[in-house]
Amino acid sequence: MTVTRLGSGGPWEQLYGYSRVVRAGDLAITAGCTATVDGRVAHVGDAAAQTAQALRIGLDALAEVGAERADVVRTRMYVTDRAYADEVGRAHNSVFGAVRPVATLVVVAALLDPEHLVEIELEAYLGDR
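Counting in numbering that gives the first Met the number 0, the sequence shown runs from 0 upward without gaps.
Shown next as structure tokens:
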């Protein structure tokens with residue numbers, strides 16, 4: 000089985016020793032994706048916009064290893080406040096409503112940067128591609 004590991008150049012990847020996306024055979028998995036763009040948190044205070052940004056980052060990473068939105072079979076969403084659940088869930092639906100991956104949404108005490116309101120992981124199944 001071939002394993003491909005790719006980074007995005009994000010500020011923590013080299014420091015903490017992880018990849019943005021790993022493809023192992025027919026499975027592709029992203030690290031936690033946030034609304035960090037060029038080393039800064041985008042959409043401060045807007046959980047829905049941070050969700051959309053994190054999903055774009057995750058889908059772009061999956062595309063680098065051959066996965067598409069329709070290949071996503073699981074998402075995990077971590078929010079820093081229960082009050083964000085509805086807007087995060089609706090933003091998730093706007094991207095994955097037709098795909099309907101299994102999904103988990105968990106409320107956590109905090110994320111690495113206090114301006115992050117949501118962090119999302121994606122998993123995709125590519126079959127024989």
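Don't be surprised by glycine CBs; every beta carbon is placed ideally from N, CA and C. Computed from a prediction, not measured in an experiment: that's the story for all the values here.
- A distance below 8 Å between beta-carbons, with the five flanking residues on each side excluded, links Asp25 to the following residues of its chain, in chain order: Tyr124, Leu125, Gly126, Asp127, Arg128.
- Looking at the backbone, the Cα of Thr103 and that of Arg75 are separated by about 5 Å.
- Under the three-state reduction of DSSP output, Leu110 falls in the coil class, being neither helix nor strand.
- For the options Glu122, Leu121, Val117, the alpha carbon positioned closest to that of His42 is the one of Val117.
- Secondary structure at Val64: coil, using DSSP grouped into helix, strand and coil.
- With a threshold of 16 other beta carbon atoms within 10 Å, Leu61 meets it and is buried.
- Under DSSP, Tyr77 takes part in a beta bridge, and its partners are Val105, Glu118.
- For Leu125, there is no enclosing beta strand (DSSP E), as DSSP marks it with neither H nor E.
- Note on geometry: alpha-carbon atoms of Glu67 and Ala53 lie some 15 Å from one another.
- Contact between the stretch 22–37 and the stretch 88–97 is not established, with fewer than three Cβ pairs separated by less than 8 Å.
- Residue environment for Tyr15: exposed (fewer than 16 other C-beta atoms within 10 angstroms of its C-beta).
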